[in-house]
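Under the numbering used here, the residue at position 151 of the sequence shown is numbered 248, and the numbers go up by one with no gaps.
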Amino acid sequence: MSGAGQARRGPLVAALLTAALVGLAGCGGGTPAQPGRSAQPTPAAQPTTTVPDPPATARLPAAAGSVVWFVGPTPAGDRLYRERRATTDGGPDGVAPDPAGDAVRELLAGRPEDPDHHSDWPPGVTLRAPVTLVDGAVTVDLATPGPLPGPAGLALQQLVRTVQDTTGSTRPVRVLVDGRPASTLLGQDVSRPLTADDPLRVVALVQLDDPAEGAVVGSPVVVSGEAAVFEATLLWEVRDTAGRTVRSGSATTSEGQTFAPYRFAVPLDPGTYELVVSEDDPRGGEGRGPMTDSARITVR
């Protein structure tokens, strides 16, 4: 080979050697290990321990006054009737207000203002602690004088609706007995938080909210409440102490066949009366009779 050929071959060999060295370094996956030192393994990831959050607990305010649900007779059997109560701004010194607890105590004590109403709760059941919101459910802790085998009647629905309406919430209601979860109470399953049943099935279809039983009012008497009635039509009448009808008429709810509000006014002379609000009877007396609600009032 000529000297010129050897000159050209020198740079080519050098380039090939350089490429081979680079390739060997790449196959090593990184910096070559130093003599006398072993490669250190990458530390394994340590498992993360999750600490559960404590239960989210909060007191519950009243929506707009407390509501206590009692039981009353209707032509369709016992149904629920509500009674409204005023709510105090606070409790004794150093004690936070507990409007839901106050409403539950009224319910358990069986103290309806309307003598036509009663409670399905047996005597002796009391509230052990304030009503609180725990992990999304309203918790009611009861103390019982002994086993309550039932039947429950409408007792549990009284409790659920009293708590929900007083707090303005539709959250389910968890029932504890003596501070512990219970499986059954009054013969019914309470292992899961309770919800309100369909109102068309358990609530009286006519509710008279104002004036309340025993109210002293001026004239005209403004009457309001809620009803689920056929074609949104209500009937009303006012009776004197001898049971004679002195005024009567009709009114309408804002919507028919579902619970909707109503309101009307009746001019009355001073005296004591019974005010009765009822369903219209489109069946003309066939089938069950109309559901009603009433209040005894005094007009000053």
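All C-beta atoms in this analysis are idealised placements derived from N, C-alpha and C, irrespective of residue type, glycine included.
Paired residues, beta bridge with residue i - DSSP
i: Gly169; result: Arg176
i: Asp286; result: Thr281
i: Leu332; result: Ser347, Ser375
i: Arg393; result: Glu371
i: Ala234; result: Val231
Assigned secondary structure, residue i (DSSP; H/G/I helix, E/B strand, else coil)
i: Phe327; result: helix
i: Leu239; result: strand
i: Arg298; result: helix
i: Gly353; result: coil
i: Leu205; result: helix
i: Asp199; result: helix
i: Ser316; result: coil
i: His214; result: coil
i: Gly368; result: strand
i: Val148; result: Residue placement at Val148 is poorly supported in this model, since its pLDDT is 38, which falls under 50; the coordinates still yield a value, given next. Note: Val148 maps to coil in three-state DSSP.
i: Asp275; result: coil
i: Arg385; result: coil
i: Thr338; result: coil
i: Thr267; result: coil
i: Gly322; result: strand
i: Val222; result: coil
i: Arg380; result: coil
Cα-Cα separation, residue i to residue j
i: Ala407; j: Pro242; result: The chain is shown from 98 up to 397; residue 407 falls before or after that span and cannot be answered.
i: Ala309; j: Asp213; result: 13 Å
i: Leu482; j: Ile394; result: What is shown of the chain runs 98 to 397, which leaves residue 482 out entirely.
i: Leu204; j: Arg336; result: 30 Å
i: Arg277; j: Val222; result: 15 Å
i: Asp306; j: Val320; result: 8 Å
i: Gly322; j: Gln304; result: 6 Å
i: Asp199; j: Glu383; result: 43 Å
i: Pro358; j: Leu365; result: 23 Å
i: Asp377; j: Ala240; result: 43 Å
i: Val272; j: Val237; result: 5 Å
i: Pro246; j: Asp217; result: 13 Å
i: Pro151; j: Ala226; result: Here Pro151 scores only 39 on pLDDT, less than 50, and its place in the model should not be relied on; the value that follows carries that caveat. If you take the alpha carbons of Pro151 and Ala226, they lie about 19 Å apart.
i: Arg380; j: Ala339; result: 29 Å
i: Val165; j: Asp390; result: 16 Å
i: Ala293; j: Arg258; result: 6 Å
i: Pro248; j: Asp286; result: 12 Å
i: Ser163; j: Tyr178; result: 14 Å
i: Val326; j: Val396; result: 28 Å
i: Ala234; j: Thr369; result: 44 Å
i: Thr263; j: Ala183; result: 11 Å
i: Val343; j: Ala312; result: 19 Å
i: Pro209; j: Asp175; result: 15 Å
i: Val260; j: Val228; result: 9 Å
i: Ala392; j: Ala206; result: 21 Å
Residue span of the beta strand (DSSP E) that contains residue i, given as start and end
i: Pro358; result: 357 to 363
i: Arg258; result: Unbroken run through Arg258 is the alpha helix (DSSP H), 252 to 264; no beta strand (DSSP E).
i: Leu245; result: That residue, Leu245, is in no beta strand (DSSP E); it is neither H nor E in DSSP.
i: Leu305; result: 303 to 307
Residue i beta carbon near the ligand NAD (any heavy atom closer than 7 Å)
i: Gln354; result: As far as ligands go, the structure on display features none, and thus does not contain the ligand NAD.
Cβ neighbour criterion (16 or more within 10 Å) applied to residue i
i: Gln254; result: buried
i: Gly169; result: buried
i: Glu328; result: exposed
i: Ser345; result: exposed
i: Thr267; result: exposed
i: Ser351; result: exposed
i: Ala348; result: buried
i: Ala197; result: buried
i: Ala288; result: What sits at residue 288 in the sequence shown is Ser, not Ala. Label assigned to Ser288: exposed.
i: Ala399; result: Outside the displayed span of the chain (98 to 397) sits residue 399, for which this structure offers no information.
i: Val231; result: exposed
i: Pro367; result: exposed
i: Thr128; result: For Thr128, the predicted structure reports a pLDDT of 41, less than 50, and the residue's modelled location is therefore unreliable. The matter cannot be settled from this model.
i: Asp295; result: exposed
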